[in-house]
Each structure stands twice: as C-alpha cells, then as structure tokens.
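A quick write-up on the structure given underneath.
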Amino acid sequence: MRKIIFATGNQDKMKEIREILADLDAEVLSLKDAGIKADIVEDGRTFEENAQIKARAICEMTGEIVLADDSGLEIDYLNKEPGVYSARYMGEDTSYRIKNANLIGRLEGVPDEQRTARFVCAIAAAFPDGRIKTVRAAMEGRIGYEEKGGNGFGYDPIFYLPEYGCTSAELSMEEKNKISHRGKALRAIKDELR
Numbered sequence: 099m100r101k102i103i104f105a106t107g108n109q110d111k112m113k114e115i116r117e118i119l120a121d122l123d124a125e126v127l128s129l130k131d132a133g134i135k136a137d138i139v140e141d142g143r144t145f146e147e148n149a150q151i152k153a154r155a156i157c158e159m160t161g162e163i164v165l166a167d168d169s170g171l172e173i174d175y176l177n178k179e180p181g182v183y184s185a186r187y188m189g190e191d192t193s194y195r196i197k198n199a200n201l202i203g204r205l206e207g208v209p210d211e212q213r214t215a216r217f218v219c220a221i222a223a224a225f226p227d228g229r230i231k232t233v234r235a236a237m238e239g240r241i242g243y244e245e246k247g248g249n250g251f252g253y254d255p256i257f258y259l260p261e262y263g264c265t266s267a268e269l270s271m272e273e274k275n276k277i278s279h280r281g282k283a284l285r286a287i288k289d290e291l292r
C-alpha cells in the first residue's frame, strides 16, 4: 500500500480527508502521523499558490506523494475577504466564534442577496518526480445572521446554504462531504492519483 501525506495538522480536516479518500489504495497520513514538523511560509497570493508551496516543500522533504490544500471563505460584499487569509484573519489565535461575530457584524444591514459567499478549496498533489497537479472547487452560499449548528468547524456555523435551508454546520458529515468545496476538490484530485 502506498503512502500519501496530507500536509496538515488539523485533525478535523483529516477526518474529512480520510473519509473521502478511503477508497484509494493508500495510507493517508497527516504531518503529525508522518512525524514531520515543518513551518512553511504560505506567502502565495492565491489558494492554488499556497497549496503548491506546501505540497512541494513536504514532497521535497519526504520523497512521498504529498497533498496540500489551501481553503477559505470569500465574501463578495467584503471584496472577497477573508480569502487566503481565512485561517489568519484577525490573528491565528483568535477563536472562530470571534471571527464569525466580526464578519456578521460587518454585514449588518446588508440584505440576503448581497451576502453571497463561497468556500474555496485548492488542492495540490506533488509527486516525487517533480510533477504538480492542482484542482480548485467551491461551495456557494451566503453569510447567515447568527451562528447555527454544531457540526463542522471554522466558518461553517455562519455559512448558510439556501437550497438546504441550513448552515454547513447543521449538515451531517456525510452530507457536507458530498457538497463541500473540500469534498469536491478531494474527489477531483483522487482522479489524478488513480
């Protein structure tokens, strides 16, 4: 069985990743599982660039196939903020409860049709022979008026999906993986790994 390293330390993310990649004949390891400690500066201007920076760096360190993602929330009314800074928005140690409250506050008085937003995920696969494949996917929705739901993480409780009548934090993990930006991108990159 081959090994694939996913360049993340986020255990919530790893749960989603392992579920979606379960049918690949591969052991999917997080950085922690692989015993890798790396502080990679993600200074790309796009989700794709950041994913490629991480994947390439870890691939060069390990000689293994490495997947890396960069994902975030784009809110149209706020000029696509927080965008590539989603994880570092308002500081890395700021809780998502505070970040979510801030974004809801910044949209006060903004009507539904102008609260459009999307979760974006770019995944890069770096191969030991130097090749890099990158895919991008999105999940469209809008920003709600309050946090709702206990599933998911990050901005999920404020990301409202009109066609489901709930936030992405109110979906089951199975439902979310079917429609999420990360789920779509993982399925697309899976085709490249076969």
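Under my numbering, the sequence shown has 217 at position 119, and the numbering climbs by one with no breaks. Beta carbons: idealized from backbone N, C-alpha and C, even for Gly.
message: Between which residues of its own chain and GLU290 is the CB-CB distance below 8 angstroms, once the five residues before and five after are set aside?
response: ALA223, LYS231 and VAL233
field: Pairwise C-alpha distance: THR144 and GLY263
entry: 30 angstroms
field: Of the residues THR214, GLU114 and ARG204, the one placed nearest GLY281, counting alpha carbons only
entry: GLU114
message: Rounded to the nearest angstrom, what separates SER169 and ALA283 at their Cα positions?
response: 10 angstroms
query: What are the uninterrupted segments assigned as beta strand (DSSP E) that are 3 or more residues long and contained completely in the segment 216 to 289, given in chain order?
result: 230 to 241 and 257 to 259
- prompt: Are the beta-carbon atoms of LYS276 and LEU122 separated by less than 9 angstroms?
  reply: no
message: Which residue marks the beginning of the beta strand (DSSP E) containing LYS101, and which one marks its end?
response: 100 to 104
- request: Return yes when the Cβ of GLU162 is within less than 9 angstroms of the Cβ of PRO226, no when it is not.
  value: yes
message: So the candidates are VAL208, ASP167, MET159 and GLY189; which of them puts its Cα closest to the Cα of ASP174?
response: VAL208
message: Quick check on this structure: which residue in GLU244, ASN198, SER184 and ASP191 has the alpha carbon closest to the alpha carbon of ILE218?
response: The displayed chain sequence assigns Val, not Ile, to residue 218. Comparing Cα-Cα distances from VAL218 to each of GLU244, ASN198, SER184 and ASP191, the minimum goes to SER184.
- request: Express the C-alpha separation of ILE156 and LYS197 in angstroms, rounding to a whole number.
  value: 30 angstroms
task: Check GLU140 in the structure and name its three-state DSSP category.
output: coil
query: Per DSSP, which one or two residues make a beta bridge with THR69?
result: Nothing about residue 69 can be read from this structure; the chain reaches only from 99 to 292.
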